[in-house]
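Sequential numbering from 9 applies to the sequence shown in our numbering. Beta carbons are placed, not taken as given, at the ideal position from N, Cα and C, and that holds for glycine. Predicted model only: the values in this text are computed from it and were never measured. One structure below.
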Amino acid sequence: MRTVSHVTRQRRKREQVQRRNPLPLLGWLLATLTSLLLTFSIFGFAWIVSFLLRDLPPPEKIEQLLDSQNGSLKFPTRFFDREGKTVLASLEHPAIERLWLKQPDSPGAQPALDLDSPLARALIATFEPDFNQTAGFDLRDFITPNLNTIAQRLAYDLLLWDEPASWRKTMRAKILGKQLNQRYGKLQTLLWFLNSARFGPLIYGAETSARLYFNKSAAELNILEAAALISILESPTIHPFNAPEVVRKRTGDILVRILKSGWIKAEEITLANLENLEFSSPSIDLNLNQPTYVELTLEQLAEHYPREVIERGGWEIITTIDNELQHNLECTLEIQMSRLTGDERAFAIPTTECQAAFLLPGIPSTTQTSVDPLQAQAIILDPTTSQILAIASIAQNKDQKLSYQYHPLEKHTPGTILTPLVYLAAFSRGIQPATLQWDIPPDSEDTLANLDGKFHGPIRARIALANDYFAPTLALFNQIGTETILNFVHQLGINTELPESTSAFNLTPQQFFFSSKVSLLEIAQAYQVLANQGVLSGWVQGRFSFQESPQVKPILVQKVSERNGQTSLDWNNHPNLLQRKPVISPELAYLLTNVLADEAARWQAFGHPNPFEIGRPSAAKLGRTLNSNQFWAVGYTPQRLIVVWLGNEQSQGISLKPSAVMNVWHALMQYSSRGLSATDWTVPQKLVRLNVCDPSGMLPDEDCPSIVNEIFIAGFEPRQTDHLFQTYLINEQTGRLATIFTPLELVKEQRFLTIPPEALAWAMAEGIPLPPKEYDRIQAQLHSSDNIQINSPQMFSYVRGVVEISGTAAGEDFQYYRLQVGEGLYPRQWIQIGTDTPTPVTAGKLGVWDTQGLNGLYTLQLQVVDKENRVETALLQLIVDNTPPALNILFPQNEGTYSMKEYPSMTFQIQGSDDLGIQRMEVFLDGKKLQILTQPPYALPWRTNPGSHRIKVVIYDLAGNRSQAEAFFTITR
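Printed below as a string of structure tokens:
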């Protein structure tokens, strides 16, 4: 019988044996790991399979695309108008019929091709040398990263075109390729590949290209011609019509590859002499001139559809084009260009089918303005949606000026079409439409003359912009700074193409306006922001790329559908495809629109009436360059925006007038606005109206020659009265400033224009009278000795506060002296200073005059009375100024935050004024004095650096009064 102790000993022995032999434990661990690995492998394989097969298109879809009767790719892509009813254009060559190949035993009239044909063997040798191998599963095929079969290429290009290039797309193409071969056979997939392949610009299908390049069917090609066709297939941009010798060379390379593959016998290659390779003569120009909107539509679609996918066919695209507006835009441009080039036939062209041309102001039939052919670009836009309603870029043929062709949408010199954006940048920094500007000859000789050939001196900014006066724009440009203006222009959608070797650091105003390049679309996009009261709308180019700043462009596409009607992409139902964002404040946009819409303001240069007047609220601007061979016209209402460019930038034989382009704008705007209500823009709340003096823009006073009502952003209204015009008392005989000694009958009041130093040359050339600087030399001898004199202050000096008067009051029989003052040149009453003083003074202090509360011209009188009450008098005239000058920091704004990206540099804008004159202005930044300014404009450029900053300005007038202002702002990276 076993005892308990015996059992315990046996158990311990077994445990010791197990500890000495670990194999059972390791076996258990290995089995567990193997099970886990197998489980994860199964799940991993299942996930990969699911990942590859998820949403995999069925192979039957290829029939919808390439069916010989109803396949969608058999039909070209078509572009419809905005209603989806009228076909505007199609992506095909009108003279080239799209033909497909079929199998030998298939019914129908299409040409047949079998695997023994030279073209089929050349294709197989190039793309699938292992063509005869089984179509079954081959693991090696899935290990290689390349497309190894023709069927895989077909699936990759046609069934998976909308997937980004990746390992997954390649693997899915391999799966579909196997399915296509198994379901339809290799010959059918080969034919489908040839029928859908690209062989040149808009040339799709081997049969079509064979007839085009060799004037024979693809089935009739010899091995040399077949190799040539394969070389074109590999590089469709190189074809016999543009580079025949290159095609010959590439054909030789293809022949070598074919021979190595074994699909062609050496005897066939020997007979294939490249010198015998002949191409048919080019019967058509493959570079098809499509309407402008076609190319722009393809550009908008490019981020969602590869261009080749659209060009291959089978799509129906509903654009934003209004068919009626498009037709009238094109025919109006054509008729106007024909008239401008002096073709008398153009005046006899019936315009019943071009109603907009009826609205063209007449041109005398004997007037010839151009001997060279013209080009024209125009666009009609809905500014609220940024949808393009009509657009064209056309050119006259050189020999037949009544014949036109579509022309690429090239960039052109902007000229003064960009000046409103300079003013917009100025308005954002405190300058207002009423702000005084000087239209005077600039320092640069290479400048743009005004339309009337004259300079107009002091004018409001409103008048300068509305009449296209260029000199004030130059001054503003230099005042604001190149970098700031370029950033502002870019913010509105214009990517200015600068001249070579220039940048924002060395770009001059002349280069900005007359050497840079801008496009019609960029100008339209910038002015769309103004017409839409500061809101930028459009589609975003570069949203899906790594562009630092995607560009917003006008919209041309509404919907893309497959031929069977299934919607592929609807822009109107995908807000993320569009952008609508404020880029400037409504106040700034309205301020500029208010100036451009001021018809009366532009009468000085354009007369009344003029083509920019259309009988409804509209803003308009003319764009001029240094030469008269091109002009811009842009204008907008709340519902329509139209930009027109007309000229020939490469020709010097053109002499156009501004009315040439203005008339086109007038006709198109009148026609496109039919049926639309005449509405005006909504006035933002932060704008105020105020009567100001013209042209100073300051508050009116008695010297103001004209008062106008102006509009201001709240907080930027003028606070000082006008000082541009001042009235002086003049001796009419001597022409000098009158004094108290001038006989009263010779004194007259005369108003003068205050001329700054930079405008003196202009004023003298124009014969504008300047106020005299010298005082009248007539000195009445009111005293006969040196016993009565006023030594300080000096005659006509500026004084303020408490004024100490020193001099001499003495003499024999002296009784007392008296000081008194009177207002004006000839005081009507005198006020005594202090009391009569019985103590004589010699070259000492006579008294103290407290001028607090007084301003203007005063006469100081010293009287000495002797014991016989005889009186001697000395007189002195002084200008009292106890009013401190007005000061306002316009830019930067207090508590403002600015990005270094937007403002790599900024210009401090300061507004200062005083009734009598400013002596100096001291500018401090972060406690350090930057500069002393003594002449307007009071602006100071500064290269920004990140951090918090404080700008302080101290201003002094001629009497020594001072004011100061400061602003705190932040610069971020």
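Asked, Found
"Through-space distance from residue 614 to residue 458, alpha-carbon basis", "11 Å"
"Delimiting residues of the beta strand (DSSP E) encompassing residue 908", "Here residue 908 belongs to no beta strand (DSSP E), and DSSP marks it neither H nor E."
"Residue burial classification, residue 182 (beta-carbon count within 10 angstroms, cutoff 16)", "buried"
"Proximity to residue 370 [Cα-Cα], best of 540, 618 and 239", "618"
"Extent of the continuous alpha helix (DSSP H) to which residue 232 belongs", "231-242"
"Residue 859 (DSSP reduced to helix, strand or coil)", "coil"
"Option nearest residue 915 by Cα separation, candidates 725, 433, 41 and 172", "433"
"Residues bridged to residue 783 [DSSP beta-bridge criterion]", "745"
"Residue 854 versus residue 840 - alpha carbon distance", "13 Å"
"Buried or exposed by the 16-neighbour rule on C-beta atoms within 10 Å, applied to residue 258", "buried"
"Helix, strand or coil at residue 946 according to DSSP, with G and I counted as helix", "coil"
"Boundaries (first-last residue) of the alpha helix (DSSP H) holding residue 731", "Premise fails: residue 731 is in no alpha helix (DSSP H) and is neither H nor E."
"C-alpha gap between residue 963 and residue 944, whole angstroms", "13 Å"
"Rounded C-alpha distance that separates residue 194 from residue 219", "25 Å"
"C-beta atoms of residue 643 and residue 560 nearer than 8 Å", "no"
"CA-to-CA distance, residue 469 to residue 600, given in whole angstroms", "11 Å"
"Helix, strand or coil at residue 535 according to DSSP, with G and I counted as helix", "helix"
"Range of the contiguous alpha helix (DSSP H) that encloses residue 774", "768-774"
"Close beta carbons around residue 505, own chain, < 8 Å, minus the five adjacent residues each side", "419, 524, 525 and 526"
"Residue span of the beta strand (DSSP E) that contains residue 8, given as start and end", "There is simply no residue 8 to check, as the chain begins at 9 and stops at 981 in what is shown."
"Residue of 267, 266, 265 and 237 minimising C-alpha distance to residue 254", "237"
"Simplified DSSP assignment, three categories, for residue 851", "strand"
"Contact set for residue 906: own chain, Cβ-Cβ below 6 Å, skip 5 residues either direction", "979"
"Residue 750 (DSSP reduced to helix, strand or coil)", "coil"
"Reduced DSSP secondary structure (H/G/I, E/B, other) of residue 701", "strand"
"Residue 936 to residue 912 span [Cα, whole Å]", "21 Å"
"Cβ neighbour criterion (16 or more within 10 Å) applied to residue 186", "buried"
"Simplified DSSP state of residue 831, which is helix, strand or coil", "strand"
"Minimum length 3: unbroken beta strand (DSSP E) runs contained in the region 629-691", "638-644 and 649-655"
"Classification of residue 804 by the beta-carbon crowding that lies within 10 angstroms, buried from 16 upward", "exposed"
"Chain-order list of residues whose beta-carbon lies under 7 Å from that of residue 576 (same chain, five-residue window excluded)", "568, 569 and 570"
"Sequence-distant residues of its chain with Cβ nearer than 7 Å to residue 161 (five each side left out)", "135, 155 and 201"
"Reference residue 234; option with closest CA among 932, 209, 272 and 621", "272"
"Three-state secondary structure (DSSP) of residue 100", "coil"
"Close-in-space but distant-in-sequence residues of the same chain around residue 924 (CB under 6 Å, 5 per side omitted)", "889 and 966"
"Residue from 269, 81 and 295 whose Cα sits closest to the Cα of residue 249", "295"
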